[in-house]
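Protein sequences, first through last, are from chains A and B. With my numbering applied, the first sequence covers 9 to 627. With my numbering applied, the second sequence covers 9 to 627. The C-beta atom is built at its ideal place from N, Cα and C for all residues, glycine as well. Reading through the C-alpha cells given below for one structure.
2 protein chains.
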Amino acid sequence: MSNKDTAPHDDKITRKPFPNSKKIYLQGQIHPQIKVAMREIYLSDTKNSISGKSRPNEPITVYDSSGPYTDSSKEISVHKGLERIREQWILERGDVEQLDNFSSEYCRERLQDKSLNHMRFKHLKMPLRAKKGQHVTQLHYAKKGIITPEMEYIAIRENQRIEEITSIRKQHKGEHFGAAIPERITPEFVRSEVARGRAVIPSNINHPESEPMILGRNFLVKINANIGNSATTSSIEEEVEKAVWACRWGADNIMDLSTGKNIHETREWIIRNSPVPVGTVPIYQALEKANGVAEDLNWEIFRDTLIEQAEQGVDYFTIHAGVLLRYIPMTVKRVTGIVSRGGSIMAKWCLAHHKESFLYTHFEGICEILKSYDVAISLGDGLRPGSIADANDEAQFAELETLGELTQIARKHDVQCFIEGPGHVPMHMIKENIEKQIEVCDEAPFYTLGPLTTDIAPGYDHITSGIGAAMIGWYGCAMLCYVTPKEHLGLPNKEDVRVGVITYKIAAHAADLAKGHPGAQHRDNALSMARFEFRWQDQFNLGLDPERALEYHDETLPADGAKVAHFCSMCGPKFCSMKISQEVRDFVAENDIVDKGLIAKGMKEKSKEFKKMGSEVYL
Amino acid sequence: MSNKDTAPHDDKITRKPFPNSKKIYLQGQIHPQIKVAMREIYLSDTKNSISGKSRPNEPITVYDSSGPYTDSSKEISVHKGLERIREQWILERGDVEQLDNFSSEYCRERLQDKSLNHMRFKHLKMPLRAKKGQHVTQLHYAKKGIITPEMEYIAIRENQRIEEITSIRKQHKGEHFGAAIPERITPEFVRSEVARGRAVIPSNINHPESEPMILGRNFLVKINANIGNSATTSSIEEEVEKAVWACRWGADNIMDLSTGKNIHETREWIIRNSPVPVGTVPIYQALEKANGVAEDLNWEIFRDTLIEQAEQGVDYFTIHAGVLLRYIPMTVKRVTGIVSRGGSIMAKWCLAHHKESFLYTHFEGICEILKSYDVAISLGDGLRPGSIADANDEAQFAELETLGELTQIARKHDVQCFIEGPGHVPMHMIKENIEKQIEVCDEAPFYTLGPLTTDIAPGYDHITSGIGAAMIGWYGCAMLCYVTPKEHLGLPNKEDVRVGVITYKIAAHAADLAKGHPGAQHRDNALSMARFEFRWQDQFNLGLDPERALEYHDETLPADGAKVAHFCSMCGPKFCSMKISQEVRDFVAENDIVDKGLIAKGMKEKSKEFKKMGSEVYL
C-alpha cells in the first residue's frame, strides 16, 4: 500500500487569504437566509504628489470562487467537509427524501470493504433523492416560475456590487454575437434564462456544500479545471489540494477525471471539500469496473455508476451519447482519429457489438436518474477534432446534430443540459462552430475545451488554447475547460493547475469585457488607475495572481521603497511615461486647458512655468 | 566600473542546434548567390503496430530566424560579428559609397574616448551611405520594377518548401479580412507588395549581417522581441545573449530599447551579432544626450542620433512624429494618460515649448536621412491606450490620422514605412482598430504591441496580450511586438524572453493558419500525425520549444521507454483515446468500410473479430 491511498492531512491544504482582501457575505432579499460570498479588495490612498493631499479609494468587490478557504474566520477540516450551505434550501422545498442507504450496489460494496477504512471520508451522510414523481431540478423550478435561493444567489454574485463602484463600461462599438446581457442581473432574469434552457445551474441536491453558479452566455464566462489521478501517478491528498488550489485561483467548477484506483473514495473527499460544482465522466469509472475492457461495458454497470456518483453529489455528468455507429467511419480519414477518451471507448463498444451505444439507447433512462438528484448533463463531444486538420469536419458536426436531438429529450425530462465542444480549431473556424452549436442545440450552453488554435506548441497549450477560449467566450461560449502547460505531455501538478486556471480566468474575463458584461470592467479600471498612480501593492492585489505579480516585481526591484517608487525597473526614473504623463495631466488640469480651443492661450502663458517645473516634481 | 560594462564572452552565447534538425541553405534562381537559411527537422519512421512494417517520414522544413547560431558548421565569434551575407548584394547595386569616417559627431566622440576601449566592438567597418542623389531603399527598387536579392530571399523563405510536403491546407470557410495571399509566394509578388507600400523589408545597408525578412499582411506574421538594458539593471553581455536567445526561439526582429549608459556600444555589439533586423527608438538616446531633460531636446541632437544609429546599421526607427500639440489635452481625462515613453517625452516637449515637435516639423528631413541608408520608419503611436478604458479613444485615432499623412510623405521619399499600434484593447474593439489603420494609412503594414485584452493579470501579460496579438494578426497585422510575463513589473530575463517569444510565435502562427498562409499548416499536420502515432520525439522536435516539451514529458514519465510508449501519463495505457482510435481505424480500414453505406455489412461480419482483438493489440 503506497501513501497515495491515505486520507489527506488538514495542514497540507492551502488556506491563506488573499492579500489586503476580506471575505464578505451579501444577504438575499427574496431569500434573506442566503449569504453570497464575495471578496473585497482594500486599496491604498491616492496621493497627489504636488499638493501632498490624500484621497481614499473605495474597496473593489470581485466574484470569488475560492469558498471558505480564503475566509480566516471559518474553521475548516477536510475530514468534516465544508459547511452544507444549501442543505436547508433543498429540504425546505419539500420534494426530497433522505434514503436509508446508498442505492448503488458498488457503493455499498465499497463501504463494507474494511481495507478501505484508512482512506475513507468518515462523516458520510445518507443521500437525498427526489420523492416519487418529483423533478428536483432548477430547470423544473424555473419552468414553474419559482425563483430559488440558488437563482438569487447567482444574481447577486454576478452583479459584483457594481452599484458601489465607478464603472466606466466600454461602449459596445465592436461586434456583438447575440448575447443579451441586461445592465443588471436580476433573480428573475436568472430564472428566465434557466427556464429557456439557455442557462444551467449545476447543483446536485447531494452537494449542498457548493456555492451556486450559472453557465449561460448571458452571464460571466465560467472556467473548469480538470483534476484527478491516473493509473500512473498522484494521490488523494494531492487531488484534494489541487481542487482547493484550483478554486482559489478562480476555477468556477472542477471535473474529477480520476481513472486510477480508489476513485470512489477520492471523489468523496473532493466533493465534500469543494465549494464549486463537481463534474465527472462516469464512463471512466464504469470502464474500471469492466476491468478496462470497453466491450464488456453495459447499461447495468453504467446505470449503477450514475446512481453511485449522483448520490455522492456529482453536479454534472459528461455523457458521450452522441457517438453513433454511422459516424465512426467518418473519423477514419482524420489526421488524429478520435481523441476523446469517452468517445473512443464508445466507438470501440459500438464497433464490437455492432449496435448503437447504451448511452444513446438508454438516454431517457439516464434522464430519469438525473432528474431525481438534479445532476446536469454535459453532452460530450466524443468526436471532437484533435488537430487543426480535423476541425469542423463531418464527424464533428454529425455528432453535434445528435447532441441537439438529445438536448430536447433532456429538457423534456426537466434535466439541465449543456453541450461540450472542441478541441483544436483554427481561429477562422471558431465562429462557425459556436454558431452551429447555438442553432442545432437550441441555445443550450456551450462548454469547450480551449479550443487550441494551433498544434505546434506542446508545453504551451494553455496559451494556444487560451486564445481560442477567449474568442469563443466572446462569441457566447458559457464555460471554458482549462488546458494546462502539461497538455499532451503529462499530468498537471499544482503549479500547472495554477497557470492553467489563471490563463483561463484571463480568457473568460477578456470575453466578459468583449460581451459587455456589466460586472466586468470595473476591475480593469481599478487596476489601471492603481498602475497609473504607482500604487504598486494595489496593482498586485487587484490582479488575478497577486503573489506572482509581487514575486516578478521583486526580482528586479526587491527593496520595499520600490513599492512606493514612482517608476519601475523597465524604464527607470527618467524615462517613465506614467510619470511624465502625470505631469502633463497636472499641468493641463491646473491651467484649465482641457478644452482644446483654449490650448493656444493657456499654453503660451504657461509654457515657461511648466519648463521650470522640470522633470523633478515627482522625485 | 561594474562588470556590466565589459565586452561579452563568446562562451556565454547560446549555440546549441535544435534537436534532430539541420540548417539547410536554398539557392536563389534569379540571384544564384543567395542562400536562404531554413531548418530541416528529421522525423522517425511510422511503425504499423499490427504488421510491424515501417514507413519513413519526410523531413519538415520550417522558417528559421535563429541565424548561424544553430548551424554547427559555422564558426562564430561575437568579437568578429556574423558573416556579412548582404554586403556584396548591396555593393553590386552601385549606388552606395563607403565613408572615411562616421558622420555623427557623437559617434566620433565615443570612438575617441579611450575609457570605453574595454567594452568596444573591435572590428568596426566604416559605414556605407547612398551616393549623392541616390535612394537606396527596397521601396525605391520595387517601384522601379527591380527584384532585389532581398526580395527573392524572402519569397523562398516564406514558402517553406511547401512543394515538398503533404499539405492539408484548411479550407477557408471562416472569415477572412481582405488579405490576398497567393498559393505560392513569388519574388515578383514580394516586389509588388513592397512597391505598393503594403510590405516593408527592414534592411539597412549597414546591417549586412541580417537575413532578409518582410512585414506585410500578405506574408507570414512576424514578431518582435524588445531587449535593452535600463538605468537600473543588466549588462552588454546579457543583452547580446538575450538577442541571440530571442532569435533562437523565433523573433523575426529585435528592438534595442536600451536607456542606460553605454547604449551606443551595446547597440554595436547587438547589431554586429544579429541575424535579424534591429529597430530602435532614437529619442531614448537623444534624451540621454539631453541629460534626461525632455525640454532640452532639439532637432540637432535628434538628427545626429539618427545618423549615428543609421551608420551603425539600425534597420528601422520608431519615431513618434504624430504627437501633435492639439492632441495632448485629449489624453487628460484618460484613466492612464500617455503610456508611450516616446509619446510622453514629446508631449512634454510640446507643452514646454508650446509648439509642434521637431519630429513633426522636420519629418521631411528625417526622410532624407533614412533613404540614404534604407532605414525604415516605424511611426510610433505615442498616444496609444494604456488601459482597456482608454482603448480606441479620440486621442488614439486623432494621432492615427496624422500617421496616415506622414505615411504619404515617407513614401514620397521612397522611405519604407509602417505604423505602430496599441496597446490595451478589449477583443470587441480590435477589429475597428486595424480596419481604421488600414484605411487611414493606405494599407501600410501595422505593428502592434499585443494588444492586451484585459488589464487584470500582471505577471501574465504575455497571455492577456497573446490573445489580442493572435486576433489582430488574423485581421491583417504584419508584426506583433511581444510582451513578456514581466510586463508592467520588471525587466525580462532570458527565461522571460523565451516565454514571451514562444507566446508570440504561437499568436503569429495561429494568425497565419487563420489567414490561410500556404506555408503554415504543414507543421501542425506533421506534429499532429506524430502525436497520433506516438512518435514522442518527433512531437517534441516539431514544436516551437522542443526542450520545454521534453522537460514536461519527463516530469511524469522520465524513463526512456516512455518516449516510445503508446500512451502517456495523462490517461495511462487503458484509457488512451489515441490507441483506441488507432484500433478503430485499423479495423475499419482493414475491413474496407470507409464508405458509410458499407458499415452495416462490414460491421456485422467483423464485430466478433474486433472483439477478439481486444484492447491488447498495442501493449
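- Using a Cβ-Cβ cut-off of 9 Å, I244 (chain B) does not count as an interface residue toward chain A, since no Cβ of chain A sits closer than that to its own.
- DSSP places F548 (chain B) within a helical segment (H, G or I) once states are collapsed to three.
- The stretch 328-338 of chain B makes no contact with the stretch 132-147 of chain B: fewer than 3 CB pairs, one atom from each, lie closer than 8 Å.
- Cβ neighbours of R128 (chain A) within its own chain (closer than 7 Å, five residues either side excluded): E273.
- Taking 9 Å as the cut-off, the beta carbon of G36 (chain A) is found closer than this to the beta carbon of P157 (chain A).
- Flagged as an interface residue toward chain B: R556 (chain A), by a C-beta distance shorter than 9 Å.
- By the CB criterion at 9 Å, A207 (chain B) and A486 (chain B) fall inside the cutoff.
- With fewer than 16 neighbouring CB atoms inside 10 Å of its own CB, Y33 (chain A) falls in the exposed class.
- When the beta-carbon positions are compared, H436 (chain B) and G524 (chain A) come within less than 9 Å of each other.
- Secondary structure in the stretch 262-313 of chain B: the beta strand (DSSP E) runs of 3 residues or longer, each lying completely within the stretch, are 286-288 in chain order.
- If you draw a straight line from the Cα of A233 (chain B) to the Cα of I309 (chain B), it comes to about 27 Å.
- In this structure, the beta-carbon distance from T456 (chain B) to L499 (chain B) does not fall below 9 Å.
- In this structure, DSSP gives F366 (chain A) a helical state, which the three-state scheme calls helix.
- With a threshold of 9 Å between beta carbons, L535 (chain A) makes contact with chain B.
- At a cut-off of 9 Å between C-beta atoms, M159 (chain B) does not count as an interface residue with respect to chain A.
- Taking CB atoms only, M479 (chain B) has a neighbour in chain A less than 9 Å away.
- Ranking A:I21, A:Y161 and A:N214 by CA distance to the CA of T194 (chain A) puts A:Y161 first.
- DSSP places H470 (chain B) within a helical segment (H, G or I) once states are collapsed to three.
- Shortest Cα-Cα distance from M46 (chain A) to any of A:A254, A:K55, A:K31 and A:N400 involves A:K31.
- By the rule that beta-carbons nearer than 9 Å mark a contact, A486 (chain B) does not touch chain A.
- With contacts defined by Cβ atoms closer than 9 Å, F197 (chain B) and A163 (chain B) form a contacting pair.
- Going by beta carbons, I471 (chain A) and S386 (chain A) fall outside the 9 Å limit.
- Contact of G524 (chain B) with chain A is assigned, a C-beta pair being separated by under 9 Å.
- DSSP places M354 (chain B) inside the alpha helix (DSSP H), whose first and last residues are R349 to H361.
- Residues of the stretch 426-439 of chain B with a C-beta less than 7 Å from any C-beta of chain A: P434, M435, H436, M437 and K439, listed in chain order.
- Around H496 (chain B), the beta-carbon contacts reaching into chain A at under 7 Å are R539.
- For the pair of segments examined, the stretch 516-535 of chain B was found to touch the stretch 460-480 of chain A: the number of CB pairs separated by less than 8 Å reaches three.
- At least one beta carbon of chain A lies nearer than 9 Å to the beta carbon of W482 (chain B).
- Contact between V252 (chain B) and N281 (chain B) holds: their C-beta atoms lie close to 7 Å from each other, under 8 Å.
- H517 (chain B) sits in a helix when the DSSP states are folded into three classes.
- Bounds of any alpha helix (DSSP H) do not take in R47 (chain A); it lies within the beta strand (DSSP E) bounded by K43 to I49.
- L295 (chain B) sits close to I353 (chain B), with the two beta carbons spaced by under 9 Å.
- Interface annotation, P27 (chain B): not in contact with chain A, CB-CB separation never under 9 Å.
- Look at V347 (chain B): its C-beta is under 9 Å from a C-beta on chain A.
- Comparing alpha-carbon positions, the option among B:R593, B:V505 and B:N226 lying closest to R256 (chain B) turns out to be B:V505.
- In this structure, the CA atom of G388 (chain B) is about 30 Å from the CA atom of G89 (chain B).
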